[in-house]
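S.K.: Each residue of the sequence shown is one higher than the one before, starting from 1 at the first, in the UniProt record's numbering.
A virtual CB, placed ideally from N, CA and C, is assigned to each residue, including glycine.
If you scroll down you'll find the structure; I have some questions about it.
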Amino acid sequence: MQLTWTWFRFNDFDVVSLYAYLKLRQDVFVVEQNCVYADLDELDQPSWHLLGRDETGVVQAALRLVPPGLKYDAPSLGRVVVAAAARKGGTGRALVAEGLAQSQRAYPGLGNRIGAQAHLQRFYGALGFVTLGEEYDEDGIPHVDMDWVAPV
């Protein structure tokens with residue numbers, strides 16, 4: 001599936017795009033994963049947000065890039081989400097690659113730290129992330145912290 005990537009600052013979202021983005025997060029994280037948690041938090045407003053739209057304009061993938069010093073010392077990709085219909089063909093890899101590229105444009109030379117769902121360690125590992133420490137519970141789902149080191 002070919003997607004068109006668009007970056008937004010929170011205050012630059014139009015209401016239709018913001019609704020589609022938040023609905024995708026809700027559909028996957030709350031409904032599909034059956035995880036009741038406070039999705040909207042204080043990290044959305046200062047973050048960059050990436051939307052991937054298909055040829056009809058439907059948001060199929062998204063993430064946010066949290067600036068350094070807010071969640072971790074390093075920048076952090078988070079709320080990485082791909083619609084069920086778009087999970088084949090490298091959409092997730094393309095999404096994370098674009099997220100890391102923007103992280104380097106916005107915060108040159110800094111790595112990236114994520115709190116990944118534990119079952120996705122191999123996926124993120126293939127993209128250069130290294131697992132740190134032990135699994136922990138976040139909202140009833142096992143997670144691990146992972147680091148990506150910026151190229152020199």
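(1) Would you mind sorting residue 136 into buried or exposed? The rule is 16 or more other CB atoms within 10 Å of its CB.
(2) Count the other CB atoms, across all protein chains shown, that sit within 10 Å of the CB of residue 2; report buried if there are 16 or more and exposed otherwise.
(3) Roughly how many angstroms separate the alpha carbons of residue 50 and residue 22, rounded to a whole number?
(4) From the DSSP output, in three-state form, read off residue 8 for me.
(5) Using beta-carbon positions only, say whether residue 127 and residue 149 come within less than 9 Å of one another.
(6) Straight-line CA distance for residue 58 to residue 20?
(7) Near residue 33, which residues of its chain fall below 8 Å by C-beta distance, leaving aside the five closest residues on each side in sequence?
(8) Report the rounded CA-to-CA distance for residue 48 versus residue 31, giving the unit in angstroms.
(9) Closest to residue 85 by C-alpha separation, out of 41, 145, 54 and 151, would be which residue?
(10) Is the separation between the beta-carbon of residue 38 and that of residue 61 shorter than 9 Å?
M.R.: Looking at the coordinates:
(1) So residue 136 counts as exposed.
(2) Exposed, since its Cβ has fewer than 16 Cβ neighbours within 10 Å.
(3) C-alpha separation (whole angstroms): 12 Å.
(4) In the structure shown, residue 8 sits in a strand (DSSP, three-state: E or B).
(5) In this structure, the beta-carbon distance from residue 127 to residue 149 does not fall below 9 Å.
(6) Using only the alpha carbons, I get a separation of about 8 Å.
(7) Same-chain partners within the cutoff: 141.
(8) So the two alpha carbons sit approximately 24 Å from each other.
(9) Residue 54 is the option with its Cα nearest to residue 85.
(10) For residue 38 and residue 61, no; Cβs fall outside 9 Å.
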